[in-house]
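Input: a single structure, listed below in structure tokens.
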Amino acid sequence: MTTQTVDLTLDTVRPWRAFRGAVKALRRLSPSFLRVTFASDELRYFADNGYDQRFKLIFPAPACGFEKFPDGDRWYSEMRALPDEEQCRVRTYTVRAVRPETGEVDVDMVVHEPEAGHESPAVRWALAAEVGSELVLLGPDARYDGPHGGLDFHAPENAEVLIGGDE
Numbered sequence: 002m003t004t005q006t007v008d009l010t011l012d013t014v015r016p017w018r019a020f021r022g023a024v025k026a027l028r029r030l031s032p033s034f035l036r037v038t039f040a041s042d043e044l045r046y047f048a049d050n051g052y053d054q055r056f057k058l059i060f061p062a063p064a065c066g067f068e069k070f071p072d073g074d075r076w077y078s079e080m081r082a083l084p085d086e087e088q089c090r091v092r093t094y095t096v097r098a099v100r101p102e103t104g105e106v107d108v109d110m111v112v113h114e115p116e117a118g119h120e121s122p123a124v125r126w127a128l129a130a131e132v133g134s135e136l137v138l139l140g141p142d143a144r145y146d147g148p149h150g151g152l153d154f155h156a157p158e159n160a161e162v163l164i165g166g167d168e
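Okay, structure coming up:
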């Protein structure tokens with residue numbers, strides 16, 4: 002009896018994958034909003050599914066950065082099985098813009114001074130970010146021929162929609 006293994010490397014096209022990106026630009030939109038532009042050749046394959054595309058920003062593990070971040074269909078359970086200091090921190094964001102022709106993805110992040118004992122990994126990273134800072138973006142792969150998921154809002158056909166919010 003032979004056992005067949007499934008190759009889950011980056012050569013396998015799945016709806017979602019881990020993209021490495023480096024900060025290309027930082028732009029303060031307001032005192033508490035920061036637009037981060039990530040860029041890399043890999044991000045040319047980050048799918049542009051329009052507004053409301055949910056994805057994950059992966060922040061480096063305290064002990065080892067991204068060295069032990071698993072990539073594959075079971076990435077989350079494999080990561081959670083690691084010791085706490087080796088687990089990357091994960092936060093969900095909405096894509097602001099995707100420019101596949103230049104390999105760029107924009108993300109708007111809320112930034113505020115962290116309270117003692119309540120430092121978010123995203124806020125801590127954003128406050129220290131500079132051009133060249135690296136993160137992993139877990140998002141939709143444009144090479145996948147099918148639905149990617151991560152889109153929750155679907156306006157009724159011919160609906161006019163106005164969404165408002167504040168900081």
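Taking the numbering used here, the leading residue of the sequence shown gets 2, the next gets one more, and so forth. Yeah, the Cβ is synthetic: ideal placement off N, Cα and C, and Gly gets one too.
Going by C-alpha distance, which of V132, V112 and E131 is nearest A123? Residue mapping note: residue 123 aligns to position 122 of the sequence shown, counting from 1. Considering only alpha carbons, the answer is V112.
Does DSSP put Y145 in a helix, a strand or coil? Against the sequence shown, residue 145 aligns to sequence position 144. DSSP, read as helix, strand or coil, puts Y145 in coil.
Short check: CB of H149 to CB of A48, under 8 Å? In the sequence shown, the residue the question calls residue 149 occupies position 148. In the sequence shown, the residue the question calls residue 48 occupies position 47. With contacts defined as CB atoms closer than 8 Å, H149 and A48 qualify as a contacting pair.
Taking CB distances under 8 Å as the criterion, tell me whether T93 reaches chain B. Among the protein chains of the structure shown there is no chain B, as only one such chain exists.
Taking E79 as part of the alpha helix (DSSP H), name the residues at either end of that continuous run. Counting from 1 along the sequence shown, the entry for residue 79 is found at position 78. Segment W76 to R81, the alpha helix (DSSP H) holding E79.
From the DSSP output, in three-state form, read off E87 for me. Counting from one through the sequence shown, the residue named residue 87 turns up at place 86. Note: E87 maps to helix in three-state DSSP.
Is it true that the stretch 24-39 meets the stretch 99-107, where meeting means three or more beta-carbon pairs spaced less than 8 Å apart? Yes, the stretch 24-39 touches the stretch 99-107.
Are the CB atoms of F56 and Y94 nearer to each other than 8 Å? Taking the sequence shown and counting its residues from 1, the one referred to as residue 56 is at position 55. Taking the sequence shown and counting its residues from 1, the one referred to as residue 94 is at position 93. Against a cut-off of 8 Å, the Cβ pair of Y94 and F56 comes out as a contact.
Starting from A123, trace the alpha helix (DSSP H) both ways and give me its first and last residue. Along the sequence shown, one-based indexing puts residue 123 at 122. Taken as a continuous stretch (DSSP letters only), the alpha helix (DSSP H) holding A123 covers P122 to A129.
Exposed or buried, I59, counting other C-beta atoms within 10 Å across all chains shown (16 or more means buried)? Within the sequence shown, numbered from 1, the residue matching residue 59 stands at position 58. Burial call: buried.
Selected residue, minimal CA-CA separation from Q54, among S78, G151 and R81: Residue mapping note: residue 54 aligns to position 53 of the sequence shown, counting from 1. Comparing Cα positions, the closest option is G151.
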